[in-house]
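Take a look at the structure below.
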Amino acid sequence: ALNEHLQPGGSVSCRSIAEVFLKVSSGAVRAGFVPLENLLQGPVAETLDFLLEYKGKVYISQCFVSEIVHCLGVLPQEKQGAKLRQSITQVYSHEQALRQCSKYLLRSFPDAELCPAASTSAAAELVKEKQLACAAVIAARNTLTNLGFAILDEDISDLSGNKTRFALLEKGDINSDAAEQLLAQSWTAAAGDEQQFTTSIVIDPGRDRQGLLYEILEVISITHRVNLSSIHSRPDARGGFVFHLDLEGHLLAPEI
């Protein structure tokens, strides 16, 4: 399913979530993948914020759940064993990956400086470019080995079976025509099997007041009897909040 959305020349590497949104909205790529939510750390705030910023320019056409196996890699060097571990003073990775491996880092490298990067691949590229012999990188095995890193430890997430939900972004606004096309594609792909759909929305109240969230939930759950599968709040520039909600059901369903 993922191969259908690759560029004719293959996939395109992006150094940050912001770059994915920019490339998709500008038409530089056909589609892009961004992380939405992690089993350990919850929603990816950066993705939620960009979904609101790029409203009308991109939309989520599909979601995929992928198992995440974090590894610790270092540049090849003469030091081995305990000496090599003792020499590590910095650990580079994406902020989410650092948090997802917090117990391992506290146990194995309690004094190491944690250095966030735009992505796990960007962290690996930085360490390789600067030849940081005292730095380690948390990333996927393929990312590390393709850049010539030696794997020091594998499967270092705080929870075994760590998973992340990714969104497939496509250019444009999710209007009725696009929604109908997605519905037809989903049914065709599943040969008529029953599909589970989720509609993601953002509510920007514009102001805060007592009982506001209760009234929003009342409209969704009681008035229209729609099941709410998740809700996350994000601060806005006015000092209030916007709400990101996942509703069970297809965009074209009457209740949605």
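Residue numbers (this note's numbering): 15 to 270.
All C-beta atoms, glycine included, are put in the ideal place defined by N, C-alpha and C.
Indicate whether residue i and residue j have their beta-carbon atoms separated by less than 7 Å.
i, j, result
"His84", "Ala111", "yes"
"Ser30", "Ser133", "yes"
"Ala147", "Gln100", "no"
"Val240", "Glu269", "yes"
"Val34", "Val48", "yes"
Given a threshold of 16 other Cβ atoms within 10 Å of its Cβ, counted over all protein chains shown, does residue i qualify as buried or as exposed?
i, result
"Phe78", "exposed"
"Gly46", "buried"
"Gln114", "buried"
"Leu66", "exposed"
"Ser174", "exposed"
For residue i, which of helix, strand or coil comes out of DSSP?
i, result
"Gln104", "strand"
"Ala126", "coil"
"Asp169", "coil"
"Phe211", "coil"
"Phe180", "strand"
"Glu92", "coil"
"Phe47", "strand"
"Ser240", "This sequence places Val at residue 240; Ser is not what is there. Here Val240 sits in coil by DSSP."
"Ile270", "coil"
"Leu146", "coil"
"Ile230", "helix"
"Ala42", "coil"
"Ala132", "coil"
Based on the DSSP output, what are the partners of residue i in its beta bridges?
i, result
"His258", "Val216 and His246"
Please confirm if residue i has its CB atom under 7 Å from at least one CB of chain C.
i, result
"Val256", "The displayed structure is made up of one protein chain only, and chain C is not part of it."
**Request:** Would you mind listing the alpha helix (DSSP H) stretches within the segment 53 to 82 that are 4+ residues and don't spill past its ends, in chain order?
**Result:** Runs found: 59 to 67.
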